[in-house]
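Asks: Below is one structure. I have some questions about it.
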Amino acid sequence: MVKIRQSYAEVTATQRRLLKQKEQCDSMAKDWYQRAQLALQKGNEELAREALSRRQAQTDEAANLQQQIDLQAQSIDKLYEGMQMLEKKILESKSKKEMLAARARTAQS
Numbered sequence: 018m019v020k021i022r023q024s025y026a027e028v029t030a031t032q033r034r035l036l037k038q039k040e041q042c043d044s045m046a047k048d049w050y051q052r053a054q055l056a057l058q059k060g061n062e063e064l065a066r067e068a069l070s071r072r073q074a075q076t077d078e079a080a081n082l083q084q085q086i087d088l089q090a091q092s093i094d095k096l097y098e099g100m101q102m103l104e105k106k107i108l109e110s111k112s113k114k115e116m117l118a119a120r121a122r123t124a125q126s
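Per this note's numbering, the very first residue in the sequence shown carries number 18; after that it's consecutive.
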């Protein structure tokens, strides 16, 4: 149970980091788009193309991170379900153990 909880915490922390990285990529893509617009206003098409190229790279990276986030979310769901099932089995085992112990005491007396 402890290992599952540790795994759950690690996956959750990883997902938070990925979300933060995605936000940064989205912000950088927006920034590069603004730079491209500014370059066009100044009449520098080459610089605008370079800015748009970098924007595309950031957008691609954000899409990549989103896929990883989705996979992490699925892993979190599976781990959570596994934790719930394990906790249920542990409770069932404890109650069965107590019932058997009570039967043993009754049989001795």
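In this text, a Cβ means the ideal position worked out from N, Cα and C, and glycines have one as well. This one's a predicted model, so the numbers in the text were calculated from it and none came from an experiment.
Measuring CB to CB, does A80 end up less than 7 Å from W49?
Replies: Cβ distance not < 7 Å, so A80 and W49 don't count as in contact.
Asks: Going by the beta-carbon positions, is the gap between V28 and Q89 smaller than 7 Å?
Replies: Taking 7 Å as the Cβ cut-off, V28 and Q89 qualify as a contacting pair.
Asks: DSSP three-state label for G99, please.
Replies: In this structure, G99 counts as helix in the three-state DSSP scheme.
Asks: Mapping the DSSP letters down to three states, classify K111 as helix, strand or coil.
Replies: Helix, per DSSP.
Asks: By Cβ distance below 8 Å, which residues in the same chain neighbour Q32 in space, the five residues on each side in sequence not counted?
Replies: So the qualifying residues of the chain are I86, Q89, A90, I93.
Asks: Whole angstroms is fine: what's the gap from E40's alpha carbon to A26's?
Replies: Rounded to the nearest angstrom, the two C-alpha atoms are 21 Å apart.
Asks: Which class does S44 belong to by DSSP, given the choice of helix, strand or coil?
Replies: S44 falls in the helix class under three-state DSSP.
Asks: Using the rule of at least 16 other Cβ atoms within 10 Å of the residue's Cβ for burial, across every protein chain shown, is L55 buried or exposed?
Replies: Looking at its Cβ environment, which holds fewer than 16 other Cβ atoms inside 10 Å, L55 is exposed.
Asks: Inspect the beta-carbon positions of L35 and L82 and report whether they are closer than 7 Å.
Replies: Taking 7 Å as the Cβ cut-off, L35 and L82 qualify as a contacting pair.
Asks: Measure the Cβ-Cβ separation of Q84 and A46 and say whether it is below 7 Å.
Replies: No, these two residues do not count as a Cβ contact at 7 Å.
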